[in-house]
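The opening residue of the first sequence carries number 17 in our numbering; numbering runs sequentially from there. Below: one structure, written as structure tokens.
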Amino acid sequence: MRLSYAFIPTLKEIPADATMKSHQLMLRAGLMRQLTAGVYAFLPLAYRAMLKAMEIIREEMNAIGGQEFHLPALNPESLWVTTGRRNIPNLILSIKERDLVLAPTHEEVIAWLAAYHIQSYKDLPQIWYQIQTKFRNEPRPRSGVLRGRQFIMKDSYTLDATWEGLDASYQAHAEAYRKIFRRCGLDFFEVGASSGAMGGTGSQEFMIESPSGEDTVVLCPKCGYAANLEIAESALPPLERKSETKPLEEIHTPNVRTIDELARFLKVDQTRLAKSVVYQHDGKPLLALMVGNDELNEAKLTAALGAGEVKPIPTEELLALTGADGGSIGPVGLKNFRIIADRRLKNANGMISGANRNDYHLGNIDFTRDVTLEGFHDLRTVESEEPCVSCNSPLKVSNAIELGHIFKLGTKYSEALDATFLDENGKAQPVIMGSYGIGVERIIACHIEQSHDEHGIVWNKALAPYDLHLIAANMNHEETVKISAGLYEELREIGVEVLFDDRTNVSPGFKFKDADLMGMPVQVIVGERGLKERKIEIKRRRSGERTLVPIQDAVGAIRKMIAD
RNA sequence: CGGAACGUGGCGCAGCCCGGUAGCGCACUUGCUUGGGGUGCAAGGGGUCGCGGGUUCAAAUCCCGCCGUUCCGACCA
Numbered sequence: 017m018r019l020s021y022a023f024i025p026t027l028k029e030i031p032a033d034a035t036m037k038s039h040q041l042m043l044r045a046g047l048m049r050q051l052t053a054g055v056y057a058f059l060p061l062a063y064r065a066m067l068k069a070m071e072i073i074r075e076e077m078n079a080i081g082g083q084e085f086h087l088p089a090l091n092p093e094s095l096w097v098t099t100g101r102r103n104i105p106n107l108i109l110s111i112k113e114r115d116l117v118l119a120p121t122h123e124e125v126i127a128w129l130a131a132y133h134i135q136s137y138k139d140l141p142q143i144w145y146q147i148q149t150k151f152r153n154e155p156r157p158r159s160g161v162l163r164g165r166q167f168i169m170k171d172s173y174t175l176d177a178t179w180e181g182l183d184a185s186y187q188a189h190a191e192a193y194r195k196i197f198r199r200c201g202l203d204f205f206e207v208g209a210s211s212g213a214m215g216g217t218g219s220q221e222f223m224i225e226s227p228s229g230e231d232t233v234v235l236c237p238k239c240g241y242a243a244n245l246e247i248a249e250s251a252l253p254p255l256e257r258k259s260e261t262k263p264l265e266e267i268h269t270p271n272v273r274t275i276d277e278l279a280r281f282l283k284v285d286q287t288r289l290a291k292s293v294v295y296q297h298d299g300k301p302l303l304a305l306m307v308g309n310d311e312l313n314e315a316k317l318t319a320a321l322g323a324g325e326v327k328p329i330p331t332e333e334l335l336a337l338t339g340a341d342g343g344s345i346g347p348v349g350l351k352n353f354r355i356i357a358d359r360r361l362k363n364a365n366g367m368i369s370g371a372n373r374n375d376y377h378l379g380n381i382d383f384t385r386d387v388t389l390e391g392f393h394d395l396r397t398v399e400s401e402e403p404c405v406s407c408n409s410p411l412k413v414s415n416a417i418e419l420g421h422i423f424k425l426g427t428k429y430s431e432a433l434d435a436t437f438l439d440e441n442g443k444a445q446p447v448i449m450g451s452y453g454i455g456v457e458r459i460i461a462c463h464i465e466q467s468h469d470e471h472g473i474v475w476n477k478a479l480a481p482y483d484l485h486l487i488a489a490n491m492n493h494e495e496t497v498k499i500s501a502g503l504y505e506e507l508r509e510i511g512v513e514v515l516f517d518d519r520t521n522v523s524p525g526f527k528f529k530d531a532d533l534m535g536m537p538v539q540v541i542v543g544e545r546g547l548k549e550r551k552i553e554i555k556r557r558r559s560g561e562r563t564l565v566p567i568q569d570a571v572g573a574i575r576k577m578i579a580d
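Below, the structure written as structure tokens:
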């Protein structure tokens, strides 16, 4: 491509609305423009990189037997009502003129197709995938393309007759994902993840570490344990049971509200205190008990309760329900509440918690004697430096960006849409599904996050929009024009993707700055300076290392440089 | 959805407090100049000051409403 004809609007100044490096550089290097919040127009340079990422994905999906589909973005609203996903908050965007919605993902359409055409166990297994635009009603798009309302996703769906089959399909995807992200040159890691409202029995995320990431992950630098904070565990021990268990006593605690205040007021360790956290689950009051200032993890709470919506209780209602305000609520004698507790409290005694009477707490609570609760679950949020569950080394908590997510879905959608097949015994069984997503824009943005410098993007070979940036330093110099144009043609003929800066009205300095900003892995500079010695210059973008080579050796040297 | 900020030529911003001719840098056009790290000089073109209403002789500026965008939080199949 000759730059004199190309549409690559680079920007000298940093766009004010962009905070992340990848976002700034994608705008500055002329990759994209924002149309409206969370919606971007991808310009030719970006689209070339995206096509490369998509082709890598396609190859690896095909390699595990995937079949590519093109599925409708417009779905009948009723389809989503059937699976109960129509009213999930912030999920679906709908159109005004008809009862159609914009598909945020395609489990429904896949299950619909399977319901029609998968009849027998002999039709299974299947791997169906698509690389398409999806739409979500994101309340707050942010970080450039990292969280948009419209985005391209590779989604695949597996259909299996058995749970063992699902395991195999899932493992095949995990391996394919490793290959995809490795080929894209991303420094990624995997974590165990929550399957959340998707339902299902297992899930893993593929992440890159980034301070601007929206996910929080727990990592063990020693043994490699890695999990999303939503499910991460640590080896923090349960409370020890005291040998002596005393009768309950009421303690006057005027104006003491928080766990910190209570510990200070009573001069006891926070582990002697049981914190009450109140919620409503499907509208019914729920008390969750935590040790001291352990932070309750809502994802874990939701998982522990199974289906249903977990919400805070409005403070006005709280007083009516318990007879006390937030700081004085406790499990003993509390009526109308379901009670569950963090597993660290199992068998604990000698504990202090709210008395359900303002300004009073109860001491000597024995969880086996005084509290009637539904069960103990892991509800707490892991914190940095806690011991690893598998090797006891200190854990690290980091932010991360999710590149891909794989789920063992099970039969949730096949049951809802009646996608069944007849097994060997002639019995109808729901198809067992898996679903596996990769964000295409995220691959690009994450690569840029991990590969840039003060001058601009540093594309790797796999994703670079062009292999080579050829610069004619001065188009008023006849020989420069002749040699550079000749090189351009020759390189194109042997299949090198060349971006040729043949602009006549731009100074050499400007061209160099633009080339560094756009970031092709190799730059070739043809200019008066080198031509005096019958040489051209090859520069590696990443290291800045320059080599002068004689004109007659140029094509060979360039080819070699591009290859490694 | 809670909190905050911003909206002025294509981009980045000043002007607003204290109402009175709309300004700067970059980009763009023309001419000359320069030609290896965003050349220099000169002359130009381009703005309903987000939208609507109000106050006023007079509104980019003050007041009210709306819209948009961004940031923090909530949320994030």
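The beta carbon of each residue, even a glycine, is placed where N, CA and C say it ideally should be.
Closest residue to residue i among the options (Cα-Cα distance)
{"i": "ASN153", "options": "ASN106, ARG194, HIS133, THR388", "result": "ASN106"}
{"i": "VAL413", "options": "TYR63, ARG64, LEU235", "result": "LEU235"}
{"i": "ALA488", "options": "CYS462, LYS283, THR520, ASP33", "result": "THR520"}
{"i": "PRO410", "options": "GLU399, VAL512, GLY420, ILE417", "result": "GLU399"}
{"i": "GLU124", "options": "ARG114, ARG101, TYR137", "result": "ARG101"}
{"i": "ILE30", "options": "PHE392, ARG44, ARG18, LEU19", "result": "ARG44"}
{"i": "LYS551", "options": "ASN492, MET491, PRO566", "result": "PRO566"}
{"i": "GLY343", "options": "PHE204, LYS28, ASN309, LEU51", "result": "ASN309"}
{"i": "LEU479", "options": "PHE151, ARG18, LEU67, ARG49", "result": "LEU67"}
{"i": "ALA501", "options": "ILE329, SER219, GLY543, LYS37", "result": "GLY543"}
{"i": "GLN568", "options": "ARG558, SER219, GLU549", "result": "GLU549"}
{"i": "SER523", "options": "GLY546, MET491, ILE541", "result": "MET491"}
{"i": "GLY391", "options": "LEU419, LYS362, GLY324, ASN408", "result": "LYS362"}
{"i": "TYR21", "options": "ARG545, ARG163, ASP517", "result": "ASP517"}
{"i": "TRP179", "options": "GLN148, THR217, ARG198, PHE205", "result": "THR217"}
Residue i - partner residues in DSSP beta bridges
{"i": "CYS404", "result": "SER250"}
{"i": "TYR173", "result": "TRP144, SER451"}
{"i": "GLY379", "result": "GLU265"}
{"i": "GLY472", "result": "ASP469"}
{"i": "ARG396", "result": "LEU312"}
{"i": "ALA336", "result": "Note: ALA336 sits in no beta bridge, so no partner."}
{"i": "PHE526", "result": "In the DSSP output, where bridge partners are listed per residue, PHE526 has none listed."}
{"i": "PRO410", "result": "PRO403"}
{"i": "VAL97", "result": "Paired residues: none, contrary to the question."}
{"i": "SER219", "result": "PHE423"}
{"i": "GLU225", "result": "ALA416"}
{"i": "LEU302", "result": "TYR295, ARG354"}
Same chain only: Cβ atoms within 8 Å of residue i, ignoring 5 sequence neighbours per side
{"i": "VAL293", "result": "LEU303, ALA304, LEU305, MET306, LEU312"}
{"i": "GLU249", "result": "ALA243, ASP394, VAL398, VAL405"}
{"i": "ALA573", "result": "ILE554, THR563, VAL565"}
{"i": "VAL571", "result": "LEU503, GLU506, LEU507, ILE510"}
{"i": "PRO88", "result": "ALA119, VAL125"}
{"i": "GLN135", "result": "PHE437, LEU438"}
Proximity below 7 Å, CB of residue i to CB of residue j
{"i": "GLU266", "j": "ALA357", "result": "no"}
{"i": "ASP483", "j": "GLU513", "result": "yes"}
{"i": "GLY472", "j": "GLY560", "result": "no"}
{"i": "GLU221", "j": "HIS463", "result": "no"}
{"i": "TYR186", "j": "GLY450", "result": "yes"}
{"i": "GLN166", "j": "PHE85", "result": "no"}
{"i": "ILE168", "j": "ILE73", "result": "no"}
{"i": "GLU246", "j": "SER211", "result": "no"}
{"i": "VAL348", "j": "LEU321", "result": "no"}
{"i": "ILE460", "j": "ALA65", "result": "yes"}
{"i": "LEU255", "j": "ARG360", "result": "yes"}
{"i": "ALA127", "j": "SER430", "result": "yes"}
{"i": "LEU90", "j": "LEU116", "result": "yes"}
{"i": "GLN539", "j": "HIS468", "result": "no"}
{"i": "SER159", "j": "GLU465", "result": "no"}
{"i": "LEU182", "j": "ILE448", "result": "yes"}
{"i": "ARG257", "j": "ASN365", "result": "yes"}
Same chain only: Cβ atoms within 7 Å of residue i, ignoring 5 sequence neighbours per side
{"i": "ALA416", "result": "MET223, ILE224, GLU225, SER226, GLY229, ASP231, VAL233"}
{"i": "ILE143", "result": "ILE80, GLY81, GLY82, GLN83, SER172, THR174, SER185"}
{"i": "ALA340", "result": "GLY370, ASN372, ARG373, ASN374"}
{"i": "MET48", "result": "MET42, TYR56, ALA57, PHE58, LEU59, ALA62"}
Inset, instruction - Taking only runs that begin and end inside the segment 35-79, name each unbroken beta strand (DSSP E) of 3 or more residues, in chain order. - result: Runs found: 48-52, 55-58.
Which ranges would you report for the beta strand (DSSP E) in the segment 495-562 if only whole runs of at least 3 residues count?
514-517, 538-542, 551-556, all fully within the segment 495-562.
Pick out the complete alpha helix (DSSP H) segments inside the segment 111-155, 4 residues or longer, and give them in chain order. As far as the segment 111-155 is concerned, its whole alpha helix (DSSP H) runs of at least 4 residues are 123-133.
Residue ranges of each alpha helix (DSSP H) within the segment 171-209, 4 or longer:
List check, alpha helix (DSSP H) in window: 179-199.
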